[in-house]
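Working notes for the structure below.
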Amino acid sequence: MIELDPVYDPKKYESKWWNAWMKGGYFHAPVDKSKKPFTILMPPPNVTSQLHMGHGTLYTVQDILVRWRRMQGFNALWLPGTDHAGIATQMMVEKAILAEEGKTRQQLGRAEFDKRLWAWKEKYGGMITDQFRRMGFSCDWDREAFTMDPGLSKAVRAIFVDLFRAGLIYRGERLVNWDPALKTAISDDELEMKEITGALYHIKYPLADDPETTITVATTRPETMLGDTAVAVHPEDERYLHLIGKKIKLPLVGREIPIIADDYVKSEFGTGAVKITPAHDPNDFEIGKRHKLPFINVMNPDATMADNVPERFRGMDRFVARKEVIKALKELDLYEKDEPTRHAVPHSERSKAVVEPRLSLQWFVKMQELAGPAIEVAQTGKLKFYPDAWKKTYLHWLENIQDWCISRQLWWGHRIPIWYCADCEGVTTGLEDPSTCEHCGSTKIKQDDDVLDTWFSSWLWPISPFGWPEETEDLKYFYPTDVLVTASEIIFLWVARMVVVGLKTRGEVPFKDVYIGATVCDKQGRKFSKTLGNGIDPLEVIEKHGTDAVRFTGTAQAPLGGRIRMEVTDFESGARFVNKIWNASRFLLKYVDPKKPLRKLDAEKLTLPEKWLLEDLASKTEQINRCLEQYRVNEAVELMYHLIWGSFCDWGLEVAKETLNGTDEAAREQTTSVLVYVLEGIMRLASPVMPFVTEEIWNHLPVHPQWARGPSLVVTKYPDAAQLMRFPEAAADWASFQDLVTGIRSIRSQAGIPPKDALDAFVHTSTGSLKTLFETEGGLVRRLAGLKSLVVRTGDGGSKGPALVYVGKGFEAYVPAEGIMDVAKEVKRLSADVSRVEKIVAGLQAKLGNESFVARAPEDVIVTTRAQLDNMATQLSSLKKNLASLQG
RNA sequence: GGGGGCAUAGCUCAGCUGGUUAGAGCGCCUGCCUUACAAGCAGGAUGUCCGCGGUUCGAAUCCGUGUGCCCCCACCA
Numbered sequence: 001m002i003e004l005d006p007v008y009d010p011k012k013y014e015s016k017w018w019n020a021w022m023k024g025g026y027f028h029a030p031v032d033k034s035k036k037p038f039t040i041l042m043p044p045p046n047v048t049s050q051l052h053m054g055h056g057t058l059y060t061v062q063d064i065l066v067r068w069r070r071m072q073g074f075n076a077l078w079l080p081g082t083d084h085a086g087i088a089t090q091m092m093v094e095k096a097i098l099a100e101e102g103k104t105r106q107q108l109g110r111a112e113f114d115k116r117l118w119a120w121k122e123k124y125g126g127m128i129t130d131q132f133r134r135m136g137f138s139c140d141w142d143r144e145a146f147t148m149d150p151g152l153s154k155a156v157r158a159i160f161v162d163l164f165r166a167g168l169i170y171r172g173e174r175l176v177n178w179d180p181a182l183k184t185a186i187s188d189d190e191l192e193m194k195e196i197t198g199a200l201y202h203i204k205y206p207l208a209d210d211p212e213t214t215i216t217v218a219t220t221r222p223e224t225m226l227g228d229t230a231v232a233v234h235p236e237d238e239r240y241l242h243l244i245g246k247k248i249k250l251p252l253v254g255r256e257i258p259i260i261a262d263d264y265v266k267s268e269f270g271t272g273a274v275k276i277t278p279a280h281d282p283n284d285f286e287i288g289k290r291h292k293l294p295f296i297n298v299m300n301p302d303a304t305m306a307d308n309v310p311e312r313f314r315g316m317d318r319f320v321a322r323k324e325v326i327k328a329l330k331e332l333d334l335y336e337k338d339e340p341t342r343h344a345v346p347h348s349e350r351s352k353a354v355v356e357p358r359l360s361l362q363w364f365v366k367m368q369e370l371a372g373p374a375i376e377v378a379q380t381g382k383l384k385f386y387p388d389a390w391k392k393t394y395l396h397w398l399e400n401i402q403d404w405c406i407s408r409q410l411w412w413g414h415r416i417p418i419w420y421c422a423d424c425e426g427v428t429t430g431l432e433d434p435s436t437c438e439h440c441g442s443t444k445i446k447q448d449d450d451v452l453d454t455w456f457s458s459w460l461w462p463i464s465p466f467g468w469p470e471e472t473e474d475l476k477y478f479y480p481t482d483v484l485v486t487a488s489e490i491i492f493l494w495v496a497r498m499v500v501v502g503l504k505t506r507g508e509v510p511f512k513d514v515y516i517g518a519t520v521c522d523k524q525g526r527k528f529s530k531t532l533g534n535g536i537d538p539l540e541v542i543e544k545h546g547t548d549a550v551r552f553t554g555t556a557q558a559p560l561g562g563r564i565r566m567e568v569t570d571f572e573s574g575a576r577f578v579n580k581i582w583n584a585s586r587f588l589l590k591y592v593d594p595k596k597p598l599r600k601l602d603a604e605k606l607t608l609p610e611k612w613l614l615e616d617l618a619s620k621t622e623q624i625n626r627c628l629e630q631y632r633v634n635e636a637v638e639l640m641y642h643l644i645w646g647s648f649c650d651w652g653l654e655v656a657k658e659t660l661n662g663t664d665e666a667a668r669e670q671t672t673s674v675l676v677y678v679l680e681g682i683m684r685l686a687s688p689v690m691p692f693v694t695e696e697i698w699n700h701l702p703v704h705p706q707w708a709r710g711p712s713l714v715v716t717k718y719p720d721a722a723q724l725m726r727f728p729e730a731a732a733d734w735a736s737f738q739d740l741v742t743g744i745r746s747i748r749s750q751a752g753i754p755p756k757d758a759l760d761a762f763v764h765t766s767t768g769s770l771k772t773l774f775e776t777e778g779g780l781v782r783r784l785a786g787l788k789s790l791v792v793r794t795g796d797g798g799s800k801g802p803a804l805v806y807v808g809k810g811f812e813a814y815v816p817a818e819g820i821m822d823v824a825k826e827v828k829r830l831s832a833d834v835s836r837v838e839k840i841v842a843g844l845q846a847k848l849g850n851e852s853f854v855a856r857a858p859e860d861v862i863v864t865t866r867a868q869l870d871n872m873a874t875q876l877s878s879l880k881k882n883l884a885s886l887q888g
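First residue of the first sequence: 1, per the working numbering; consecutive thereafter.
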């Protein structure tokens with residue numbers, strides 16, 4: 001007898017097995033050319049972020065895939081790491097320092113601030129990886145990477161230099177998205193458009209030579225008028241034709257600006273006349289370039305008004321200035337009116353500040369040319385999306401790609417490897433820091449102060465941790481990786497860019513498949529977010545239910561794509577399941593003598609329930625492997641659930657109880673051999689999902705001659721249906737057997753007969769094989785259905801006295817119920833059944849009566865339909881006969 | 001303004017390439033403390049598969065359309 005603890009205590013076993021796995025080094029994947037690699041790149045979480053169940057689920061999916069492939073014999077690598085997350089991290093550290101010491105980063109100085117950043121990274125980066133360990137993630141911790149590690153930084157530098165030298169990185173003065181709170185440029189992809197109600201202000205601009213005549217412009221941003229350098233109208237707008245070419249004297253400023261004509265202006269919008277502020281609006285910027293207008297920047301980096309505006313507005317915040325400008329215009333009687341309008345305003349994703357288009361000198365990557373190959377691989381199927389619909393999103397972005405602004409006015413990140421020369425116009429770059437200007441040889445050179453966008457290092461994730469730009473063994477062996485599992489919101493920011501750079505540097509996609517997981521929301525359907533505080537903390541749930549329960553529940557309800565609504569109580573079902581597995585194993589092991597070797601299974605000697613159980617193990621194994629191959633993880637998990645609970649526990653163990661408790665030694669040996677064999681298979685199947693509880697149980701299992709074992713379950717061979725025993729005919733017999741047992745249970749339960757009352761029953765069947773089956777398994781039927789006798793007869797007999805009847809497929813089961821039967825209730829039940837079956841029969845008859853069906857449907861469908869009709873018709877007549885006898 | 005997705009039992013959702021008597025978990029009802037598990041066992045109820053058209057021998061499944069939600073993209077001041 002092998003004893004397990006009465007209760008599975010997750011805490012007790014989780015740390016034990018985690019340590020054992022680490023000690024065994026099972027998750028470390030060195031290059032091994034004798035094995036095929038299977039690689040997943042972990043999307044590196046930001047060092048600042050705390051994980052919620054959304055990530056938890058997505059990462060568990062990856063872990064399941066990696067563990068499954070590892071057990072299949074692949075050299076499985078799950079590469080973990082974290083991202084320095086430039087803006088996000090700097091923001092948090094700045095905030096913390098301000099709160100604790102009342103200092104700004106400028107007051108601390110760049111070097112000191114840098115130290116604080118690294119200290120922060122050490123602290124929080126560690127917290128995240130701790131969470132990962134608690135989740136049981138089987139990453140190769142020896143390879144843990146950070147985007148600012150020396151090696152990865154070298155890769156950033158190398159790609160910058162490459163692209164710069166290829167003319168794909170350039171510096172330009174352009175209107176960028178400026179975050180006035182963080183005082184840095186941000187890329188288009190870091191914007192959040194928010195629909196807000198603003199106002200469309202109508203302002204009168206007087207002509208320079210005729211102040212009595214005015215032209216009214218409409219704007220949502222009156223404060224920018226201080227930087228206006230033109231007024232534009234549509235070239236064919238008859239209302240304004242006569243004014244084109246004339247000058248306006250800009251109110252409040254006094255500058256004379258032209259009235260120009262441009263197609264961009266929509267006559268029907270507003271007044272049909274637009275003020276043009278090239279330095280503060282993207283469209284105006286374009287018009288400004290077309291018409292060679294001056295660009296007047298009227299704001300400081302923090303979005304206060306600059307010194308080039310009239311004194312009255314200087315230093316004012318842009319929103320205060322807006323009101324003040326309106327006030328001033330009213331004083332001049334140049335303010336006409338305002339009307340409310342809904343419009344989309346770009347906000348900074350990080351600081352939430354309203355983004356200010358700002359004219360500044362920034363570094364850009366030319367994306368169009370680079371995007372070409374990335375588009376092609378998606379079109380040709382070298383890159384596949386699961387679900388496929390995301391391909392469109394990916395392509396749409398790449399096909400409309402804009403140049404990527406990569407410079408950030410931050411301190412946390414990779415410093416731009418560009419040196420400016422004090423003596424000439426040229427810039428110098430290189431893999432090593434230069435000491436002289438490569439154009440004029442001057443030593444007076446100074447490095448750019450700015451850093452690179454975080455994503456400029458993240459996009460190298462498929463190559464940089466493997467040592468690129470060196471042609472390392474790692475790189476050759478692991479690249480391209482197999483599948484990327486991530487969330488839809490970073491398809492542009494990250495996925496597409498990795499494909500771009502992967503193709504550019506390696507000429508091959510960085511991963512063949514992209515799995516986009518479901519968005520995890522709360523019960524109200526709101527996305528988990530830090531600001532809402534509605535996320536579920538994995539550690540909290542683990543504390544309560546254990547890691548395996550959390551992993552099971554999370555992935556059982558995580559289909560591809562889509563959205564799942566999750567709440568804390570959902571995890572109870574996982575806990576129940578783990579408990580069930582534990583108890584079932586504990587029960588079985590009580591009957592196992594560790595000193596007695598288990599038997600090899602002899603197909604000739606196996607009983608029907610044993611054959612069926614083995615067949616079920618094999619067929620579920622086949623399905624589980626197929627589901628995992630297609631990334632249908634939730635379906636695989638569900639199959640495991642039914643195999644364990646529905647098949648192994650509810651039937652396998654229930655059927656075996658008598659033998660296990662009986663005196664027939666040989667039978668007991670055989671049964672325990674079969675059950676341990678199946679349990680071994682189950683533990684292997686479930687290990688990727690529930691690694692801890694399965695490992696603990698597995699280590700108590702006696703060795704079965706038909707299962708070769710590894711040193712730990714996590715590196716023991718995953719079941720392969722092709723190598724398992726199959727008994728397809730047993731499955732059919734078993735279905736009839738179950739039909740009979742559940743049929744009798746059902747009628748007796750519905751009739752309100754207490755479970756303790758042992759009943760007599762008899763079965764009629766005209767099918768020879770069923771008669772044999774029921775006779776052979778009669779004892780089992782009696783026990784499972786609570787009978788004291790079961791008589792099997794041929795032909796359709798009917799009952800002599802009052803009896804409850806169950807009409808199954810190919811048989812009728814009767815339970816004589818003299819005196820206890822409520823005839824009216826029975827009549828009602830049978831009548832309902834009759835009408836139910838009648839409908840089915842009618843449907844099938846109509847189908848087969850339809851000539852086109854018979855003519856056009858495939859042969860096998862017709863055969864099946866005929867068989868169905870036969871079956872149902874027999875059932876129907878049997879039901880009718882019994883109903884009649886009840887009524888007569 | 002474009003693009004995509006979703007609508008299936010009271011709730012959360014499965015249902016892969018069209019052919020099932022449409023499923024699971026939770027919840028609900030009935031009966032059981034049957035010595036693995038009451039975090040359990042047995043049984044049960046509940047669905048015009050969002051509406052309307054169409055394709056097809058056959059549609060929850062494919063197409064169109066309407067309605068209702070959700071997401072992404074977008075420079076109409």
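Don't be surprised by glycine CBs; every beta carbon is placed ideally from N, CA and C.
The beta carbon of L601 sits closer than 7 Å to those of S673, V674, Y677, Q706 and M725, all from its chain and outside the five residues before and after it, given in chain order. S769 carries a helical assignment under DSSP once its states are collapsed to helix, strand and coil. Taking 3 residues as the shortest admissible run, the segment 429–464 contains the following complete beta strand (DSSP E) segments, listed from N- to C-terminal end: 445–447. Bounds of any alpha helix (DSSP H) do not take in W468, whose DSSP letter is neither H nor E. Secondary structure of H280 (DSSP, three-state): coil. When beta bridges are read from the DSSP output, L41 appears opposite L79. Boundaries of the alpha helix (DSSP H) harbouring A846: V823 to G849, taken from the DSSP string. W390: member of the alpha helix (DSSP H) spanning W390 to E399, first to last residue. The beta-bridge partner set that DSSP reports for Q362 consists of G172. In the three-state scheme derived from DSSP, where H, G and I count as helix and E and B as strand, F571 is classed as helix. Less than 9 Å divides the Cβ of V233 from the Cβ of I244. Straight across, the Cα-Cα distance linking D522 with L598 is about 49 Å. K771 and N871 do not touch by the CB rule: their CB atoms are close to 17 Å apart, not below 8 Å. Contact between Y124 and V47 holds: CB atoms are separated by about 5 Å, below the 8 Å threshold. Per DSSP, the beta-bridge partners of E339 are L200. CA-to-CA, the gap between A487 and G54 works out to about 9 Å. Counting along the chain, Y386 sits inside the beta strand (DSSP E) bounded by residues K384 to Y386.
Between the segment 60–72 and the segment 687–705 there are three or more inter-stretch CB-CB distances shorter than 8 Å, so the stretches are counted as touching. Buried is the label assigned to V156, since at least 16 other Cβ atoms lie within 10 Å of its Cβ. A803 has P816 as its beta-bridge partners, per DSSP. Per DSSP, R69 lies in no beta strand (DSSP E); the unbroken alpha helix (DSSP H) holding it starts and ends at M53 to M71. Residue state for V483 is assigned as strand, using DSSP reduced to three classes.
Taking a contact as a CB-CB distance under 8 Å, the pair L804 and E818 does not count as one, their CB atoms being some 11 Å apart.
The Cβ atoms of A730 and K611 lie closer than 9 Å to each other. The C-beta distance from L152 to P465 rounds to 7 Å, short enough to meet the 8 Å contact threshold.
Judged by beta-carbon spacing, F456 lies beyond the 9 Å limit of I87, meaning their Cβ atoms are not closer than that value.
By the Cβ-count criterion, S407 is buried, with 16 or more other Cβ atoms from all chains shown falling within 10 Å of its own Cβ. Only exposed fits H242, as fewer than 16 other CB atoms lie within 10 angstroms of its CB.
As DSSP reads the structure, W178 sits in a beta bridge with A185 and E356.
Short of 8 Å from the beta carbon of I169, and not among the five residues preceding or following it, lie these beta carbons of its own chain, in chain order: F160, L163, W363, F364, V365, K366 and I406. Under the DSSP assignment, E101 falls in the alpha helix (DSSP H) whose first and last residues are G86 to E101. With a cut-off of 8 Å on Cβ pairs, the segment 783–795 is in contact with the segment 745–764, counting three or more such pairs. Pairing L191 with S348 gives a Cβ-Cβ distance under 9 Å. Put simply, of D757, K756, L740 and V807 the residue whose alpha carbon is nearest the alpha carbon of G778 is L740.
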